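Following: one structure in structure tokens, then a few remarks.
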Amino acid sequence: MGSLKLEDNSNFSSNPTMATLEACEVLFTDTSTIAKTIAYLLMFLFSLTGNVFVILNVRCTKNYSTSTTSVLIMNMAVSDLLIVVLAMPRELFEIVARTESWRVPGVPGLVLCKTLFFLTDISPLVSVLSLCFIAIERFAVVMYPLTWIVASRRSYHRVAIATSWIVPAIFLWYYFEVFKLVHTGTEAYCGVVWEPTFDPQISLKVFGSLAVSLFYIVPFLLISSLYIGIIRQLRKPPFNTSNYSDAHQHRINISKLAVSVVLAFALCFTPFYVGIFMIITDVRSTLTCRFQIFWLVARTMGYTNTAFNPWIYFLFVSSTAQNRQRTMELIERGRRFISTYSVLTRNPAARRNNRVGVAEERGVDSTV
275 MGSLKLEDNS
285 NFSSNPTMAT
295 LEACEVLFTD
305 TSTIAKTIAY
315 LLMFLFSLTG
325 NVFVILNVRC
335 TKNYSTSTTS
345 VLIMNMAVSD
355 LLIVVLAMPR
365 ELFEIVARTE
375 SWRVPGVPGL
385 VLCKTLFFLT
395 DISPLVSVLS
405 LCFIAIERFA
415 VVMYPLTWIV
425 ASRRSYHRVA
435 IATSWIVPAI
445 FLWYYFEVFK
455 LVHTGTEAYC
465 GVVWEPTFDP
475 QISLKVFGSL
485 AVSLFYIVPF
495 LLISSLYIGI
505 IRQLRKPPFN
515 TSNYSDAHQH
525 RINISKLAVS
535 VVLAFALCFT
545 PFYVGIFMII
555 TDVRSTLTCR
565 FQIFWLVART
575 MGYTNTAFNP
585 WIYFLFVSST
595 AQNRQRTMEL
605 IERGRRFIST
615 YSVLTRNPAA
625 RRNNRVGVAE
635 ERGVDSTV
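Residues 275 to 642 (my numbering) make up the sequence shown, in order.
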């Protein structure tokens with residue numbers, strides 16, 4: 275996602291039509307810079323804390339291995355952290371410095387150039403495949419509850435998580451060939467250079483079309499079909515037994531969580547994929563200032579999905595007293611850790627006393 279920039283295409287795609295990119299000064303005013311900086315800082319804060327808490331919450335649940343939806347949402351949280359840790363700091367630097375020049379020279383810079391964009395762009399692909407596996411599992415649980423046993427769920431976790439990473443990694447493997455450092459005067463830039471391995475015109479259309487088809491259109495057709503079947507099944511009245519009613523209500527709640535995550539993903543990434551479609555079908559229409567503004571908004575909305583998912587998850591899991599208590603315990607642990615770390619970093623004496631206290635608890639001489 276972070277690699278698809280109009281500036282990258284204009285500089286490095288070897289496409290002569292892209293050299294006429296219209297100037298768009300409104301994107302580089304002081305007001306715009308401040309607004310983008312605040313937006314990315316807020317996204318970074320909410321995304322980092324939210325996704326870390328999702329991972330901790332799922333891992334601290336005793337029966338997490340049998341909750342497929344939670345495990346796959348945790349898988350999405352792990353992939354989202356790649357954007358939080360790698361893409362957002364880079365975006366913030368480029369916004370504040372007002373340059374996209376690559377500051378790491380030589381071989382380390384080239385390796386970082388290839389690896390960073392590979393790991394950044396793999397995240398939304400992992401997420402959409404995770405959503406597909408969640409929909410398949412929800413369909414199996416609702417339609418065939420008696421045959422979907424715990425043993426099959428555990429094996430399904432492993433297959434789903436492995437597939438959600440391996441398939442995108444194979445698809446994006448060409449990144450290690452086309453991403454290169456290009457030197458312009460005294461500056462170096464990390465971008466896409468299709469030649470000589472690929473034809474620039476054909477490659478952009480082929481890989482762009484495959485990305486839109488395989489990781490947006492086909493998955494959402496599959497997901498929509500499965501959830502239509504799930505909704506129809508859940509609308510049927512359950513048997514008049516308390517156990518069945520409880521299980522039926524639980525399936526409804528989990529399905530609501532899954533549908534909410536899907537809708538958030540669709541809301542955040544539809545403009546992004548519309549932009550890709552415009553780039554690969556009508557390049558000239560993407561040269562205007564209006565499209566550059568749209569593309570900035572579309573990419574930013576894609577980043578915001580990393581902040582939405584964890585809070586949607588907590589909105590649903592906190593509906594029970596047990597999950598609400600566990601969530602509060604995690605928040606309290608985080609607060610204590612931050613408070614302790616803050617005190618220790620500001621007060622050397624407190625840091626010394628803390629080491630002595632830990633050593634005494636372990637029965638070790640702290641002077642050693």
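From the three backbone atoms N, C-alpha and C, an ideal C-beta is built for every residue, glycine too. Bear in mind that the values here come from a model prediction, so they are computed numbers and not experimental data.
Out of the options, point me to the one whose CA is closest to residue i's CA.
i: V328; options: K310, N349, I308, T342; result: N349
i: I550; options: V536, V480, S529; result: V480
i: L393; options: P442, L537, A313; result: P442
i: P493; options: V400, L330, F565, Y314; result: V400
i: Y587; options: T307, L319, I312, L346; result: L346
i: L589; options: S534, I502, A434; result: S534
i: T574; options: L366, E461, S375, A462; result: L366
i: I444; options: E461, Q507, Y501, L484; result: L484
i: S306; options: R427, I369, P398, C563; result: I369
i: L570; options: K310, W439, A297, D304; result: K310
i: A313; options: L330, D354, T342, P363; result: P363
Taking buried to mean at least 16 other C-beta atoms within 10 Å of its own C-beta, is residue i buried or exposed?
i: S344; result: buried
i: Y577; result: buried
i: T560; result: buried
i: Y418; result: exposed
i: S487; result: exposed
i: C464; result: buried
i: S321; result: buried
i: E411; result: buried
To the nearest angstrom, how far is the alpha carbon of residue i from that of residue j?
i: L420; j: A414; result: 10 Å
i: L316; j: T580; result: 12 Å
i: N583; j: G459; result: 43 Å
i: F450; j: T389; result: 7 Å
i: T471; j: Y448; result: 10 Å
i: W473; j: S404; result: Checking the sequence shown, residue 473 turns out to be Asp, not Trp. Between D473 and S404, the C-alpha separation is close to 32 Å.
i: M292; j: V467; result: Note that M292 scores a pLDDT of 41, beneath 50, so its modelled location is shaky and nothing firm can be said.
i: C542; j: E469; result: 32 Å
i: Y338; j: I505; result: Unreliable placement is indicated for Y338, whose pLDDT of 48 sits below 50; the coordinate value is still reported in the next sentence. Between Y338 and I505, the C-alpha separation is close to 25 Å.
i: A409; j: S499; result: 9 Å
i: R509; j: V332; result: 29 Å
i: V358; j: G503; result: 35 Å
i: R372; j: F568; result: 19 Å
i: I491; j: L384; result: 33 Å
i: I553; j: I476; result: 13 Å
Tell me, please, which residues DSSP counts as bridged to residue i.
i: H457; result: A462
i: S375; result: Y463
Any chance you could list the beta strand (DSSP E) runs of at least 3 consecutive residues sitting entirely within the stretch 385-447, in chain order? none
Extract the residue ranges of the alpha helix (DSSP H) inside the stretch 319-365, only unbroken runs of 4 or more that lie entirely within it. With a minimum length of 4 residues, the continuous alpha helix (DSSP H) runs that stay inside the stretch 319-365 are 342-356.
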